[in-house]
Each structure stands twice: as C-alpha cells, then as structure tokens.
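Numbering-wise, the sequence shown is residues -19 to 73 according to this note's numbering.
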Amino acid sequence: MGYMYAAIWFIAGFVLIFRLSKENKIFYLAGAFFLVLGGWWLADAIQPAWQVFQGVPGIVLKVITGVVLVILAVQFFLVNRAGRNGNKPDKGD
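Here it is as structure tokens:
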C-alpha cells in the first residue's frame, strides 16, 4: 500500500509542476512538496526499519509541511484578494 501512496504523491506532484504551473508559479512549490511526500512514502515502503514518520524524520516532515502550508496559504489569500479587488465594477460607470 505504501507504494501506491508514493505513486499517488508523485503523480500529483508532476501534474502540479507540468500542468498547473502555467497558471501560477506557486504550483512549482506545491508540486515539489508532493514529490517530497512521494519520496517519503517510498522510503517508508522500501525500508520500514527507518521509521521515517517517527522521531526526528517525522519532525522534519512536519516542519516542512508546516512551512509549505503557511507559504501556500499566504499566497492563496494574496491571489484571492487580488482577484476579488479586480472583479469589482467601477462606480464611475
């Protein structure tokens, strides 16, 4: 099952990088994060003795996830606000 999760993360990462990055460059970061997740799950599937979701490696993954989540959330709110301000009709018309 770990191999399937790794494949799903890799596919999602490649879709974000190669398909959606044309719309916004932030998808490069999101895609890279999904590739990291795919590598993490693959490492767990290949070598379960490493316990990559526990201890120091687990903390590293949580920190990476938190940093990426904050960056993506800030970018989402900035783009959302810019889109909302751009869609308002002019009062002078």
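Beta carbons are placed, not taken as given, at the ideal position from N, Cα and C, and that holds for glycine.
query: Reducing DSSP to helix, strand and coil, say where Arg(-1) ends up.; result: coil
query: What three-state label does DSSP hand Val59 in the structure shown?; result: helix
query: Any heavy atom of the ligand SAH closer than 8 Å to the Cβ of Gly18?; result: Inclusion of the ligand SAH in the displayed structure is not the case, the ligand content being empty and no account of it being possible.
query: Do the segment 32 to 45 and the segment 2 to 21 touch if we need at least three Cβ pairs shorter than 8 Å?; result: yes
query: What residues in its chain sit with their C-beta under 7 Å from that of Met(-16), if we drop five residues either side in the sequence?; result: none
query: Just verifying my parser: in three-state terms, what is the DSSP assignment at Lys5?; result: coil
query: Could you tell me which of Val54, Val59, Pro28 and Lys2 sits nearest to Met(-19), measuring between CA atoms?; result: Pro28
query: I'd like the list of long-range same chain contacts for Leu9, defined as Cβ closer than 8 Å, with 5 residues on each side in sequence excluded.; result: Val48, Ile51 and Leu52
query: In angstroms, rounded to a whole number, what distance separates the CA positions of Val(-5) and Trp20?; result: 18 Å
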